[in-house]
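Here the structure comes first, spelled out in structure tokens, and everything after it is commentary.
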Amino acid sequence: MKKFFLTTDFFKKGTSFFIVLLLPFLINAQPDIIWQNSWGGTLDDQAQSSHLTQDGGMILAGFTESNDGNVTGNHGAKDFWVVKVDSNGILEWQRAYGGTADDRANSIIQALDGGYIVAGSTASNDGDVSFNNGSRDFWVLKLDGAGNIVWEQTYGGSNNEDAQSIIQTSEGGYLVAGHSYSSNGDVGANNGIQDYWMVKIDPTGGIQWEKNFGGSAIEYAWAVKQTSDDGYIVVGDSESSDGDVSGNQGGRDFWIVKTDSFGTLEWETNYGGSENDRPKDVLQTNDGGYFVVGNSDSNDGDISNHYDWDDVWLLKLDASGNLEWEKSYGGSFGDFGETIIQTHTGDFIIGSSSQSSDGDVGNNHGNFDCWLFQIDISGTIAWERSYGGSHHDYINAIGLNDDGNLLFGGYSYSDDGEITGNHGASDFISLQLESLLSSPEVSIVPIELYPNPVANSLYIKAGVPVTEIYITNLLGQQVFHKKGADISSINLNSLSKGDYILVASLQEGKKYTQKILKQ
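Numbering-wise, the sequence shown is residues 59 to 577 according to this note's numbering.
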């Protein structure tokens, strides 16, 4: 397997150092599997969320009905099940959490303290669940690094609440988003049948504020992200055309809600057609706008180039929620967009589940496969590949490690093809793929970056004009960006000390990547 970065030679030039880079350029390569593992028991075990961890491993969360195989400690019915694996996909620990009724985890992240925060729903009022407001509640668990419960808390009213997404906020607390039928208990109001419900909690689980958004019909919130202005953006689907919802195209529409840091509505917008359209993830882009990805069964309204059945549907919005462009991806069967990330080079990878083997989809192993494809900022596909076996295989999250390797998690009913080790029914799965920047071809273009390590100014010299440079930290977050006709130097005085990824775009269209050290 080729590594993310090529080896560099250091040459002395006066009192400074410079680097001659012989760098690979991105080609339409489909990354191969490095490892794949399955975890579970003889009954259904379904991972709904996964997240890369600080040690290069992965944490997965969902539910389990099993109490054998890899699963121990089931409390009855469905439990939250959390699985921690190392960077080679080897199981480090697993824990079941819950009570005697149904408990389902839908979202997990690693907290800044190295522990984990998990959100989902519970119908229990015993076992690990200290209280239930009635029917199903939001249930949030704070775990330490070994999976021990630090605290747990339920939130809700007398009807059903389902937490779908949790994030850690910039000041160290958390925000949970999902949907609620209630208008009592912890739920301040309800606009109709079911609303988006956002709950802001402090680092120990205490409620700081809560907000409902919706109309007289049904709304489902699926994902929340914090925005660059410390506000929040929530994506889900809506059947309403009143209350907080400004319109409806028919059936369920994408409904995007933007709030300030206190949950006050700033703007909302909906997109779709006459059939059902459901978003599952949102990503803020470098220009302050957003990518929203999900699926659409419509062939009218805001949707163009629809293939058949459900397609992956991607929206590019500006910072105010106005539609810049939209694209459908898929084939003649069902294709469902689940998640989107940005790569170190500024492109994007979409994770989806697909039944197709035509159109944009090159191959299918049988039933649903995990379908990944990479696009540029204009939505053009660079590569695509399906991973799976002869039964149903579903993806829920993707991530890139420091070496540029793509990892994804989900669940699978298969025990053949590219999925092995099934314990019975559905299992949690995780796969690691080769580096996205691996390539058997190398473009020999000398680029000089000096000095590296750098304290203030970094100088760039190339055989063709450098027209754009951006720098990300090792989490993929952009920290520097510059455009120009021929960039020869950049000032990095504002960056903190540490390692960064620099991407240089050349006038001829290629991109070149190198790690730099800021002193």
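Cβ coordinates follow ideal geometry from the N, Cα and C atoms, glycine included.
Contact check, residue i vs residue j, beta carbons under 8 Å
i, j, result
"D186", "I167", "no"
"S488", "N95", "yes"
"S412", "N422", "yes"
"T158", "G120", "no"
"G409", "I456", "yes"
"D418", "G395", "no"
"Y254", "V292", "yes"
"T100", "H481", "yes"
"D355", "D368", "yes"
"Q565", "T525", "yes"
"G289", "T317", "yes"
"G215", "S240", "yes"
"D366", "S332", "no"
Cβ neighbour criterion (16 or more within 10 Å) applied to residue i
i, result
"P511", "exposed"
"L575", "exposed"
"T322", "exposed"
"N454", "buried"
"W383", "exposed"
"K555", "exposed"
"F349", "buried"
"K21", "Shown here, the chain extends from 59 to 577; a query on residue 21 therefore has no answer."
"K258", "buried"
"S552", "exposed"
"L149", "exposed"
"S165", "buried"
"I399", "buried"
"F406", "buried"
"I548", "buried"
"G273", "buried"
Backbone CA spacing between residue i and residue j [nearest angstrom]
i, j, result
"G521", "I527", "16 Å"
"R194", "K200", "19 Å"
"W197", "S546", "53 Å"
"N191", "T212", "8 Å"
"N217", "N353", "28 Å"
"G447", "L464", "19 Å"
"I502", "Y508", "With a pLDDT of 40 at I502, under the threshold of 50, the modelled position of this residue cannot be trusted; read the value that follows with caution. Approximately 19 Å, taken between the alpha carbons."
"P523", "A543", "7 Å"
"P498", "G114", "Its pLDDT being 36, under 50, P498 is placed unreliably in this model, and the value from its coordinates should be taken loosely. C-alpha separation (whole angstroms): 25 Å."
"Y445", "G475", "9 Å"
"Y469", "N132", "19 Å"
"V245", "G309", "26 Å"
"Y471", "D461", "30 Å"
"G230", "S299", "36 Å"
"L184", "D202", "Here the sequence assigns Asp to residue 184, which means Leu is not the residue at that position. Those two C-alpha atoms are separated by around 21 Å."
"P337", "Q577", "42 Å"
"D67", "Q572", "In this prediction, D67 scores a pLDDT of 28, lower than 50, which makes its location untrustworthy; the coordinate-derived value is nonetheless stated afterwards. Cα-Cα distance, rounded: 13 Å."
"N306", "L373", "17 Å"
"E506", "D557", "18 Å"
"N459", "N334", "35 Å"
"T397", "W93", "21 Å"
"L341", "V315", "13 Å"
"W267", "L233", "10 Å"
"E277", "L550", "45 Å"
"S145", "Q284", "28 Å"
"H450", "H364", "24 Å"
"T584", "W441", "Residue 584 lies beyond the stretch modelled for the chain, which goes from 59 to 577, so this question has no answer here."
"G467", "Q432", "17 Å"
"A204", "I224", "20 Å"
Distance between beta carbons of residue j and residue i, contact taken as under 8 Å
i, j, result
"D295", "W313", "6 Å"
"Q222", "S484", "About 20 Å; that fails the 8 Å criterion."
"D137", "Y155", "6 Å"
"T327", "G379", "4 Å"
"Q252", "L170", "Not really, about 32 Å apart at Cβ, beyond 8 Å."
"P89", "L491", "4 Å"
"V143", "R153", "The Cβ separation is near 13 Å, so there is no contact."
"A275", "E297", "4 Å"
Neighbour flag for residue i against chain C, beta carbons, 8 Å
i, result
"Q222", "Of the protein chains in this structure there is only one, and it is not chain C."
Reference residue i, options the options, closest by Cα
i, options, result
"F486", "L372, D416 and V129", "V129"
"A235", "F431, S304, G178 and G120", "G178"
"G6", "D355, M256 and F271", "The chain is shown only over 59 to 577; residue 6 falls outside these bounds and no answer can be derived."
"V561", "G309, G230, T401 and N549", "T401"
"V176", "S241, S107 and L341", "S107"
"S188", "Y174, E210 and A204", "E210"
"S415", "S493, I407 and N425", "N425"
"T180", "Y174, G173 and D160", "D160"
"A279", "P261, S238 and D287", "S238"
"A377", "D427, T343 and V351", "T343"
"K519", "S124, Y570 and D405", "Y570"
"A247", "I548, M116, G301 and S436", "G301"
"G404", "I91, G264, H539 and G205", "H539"
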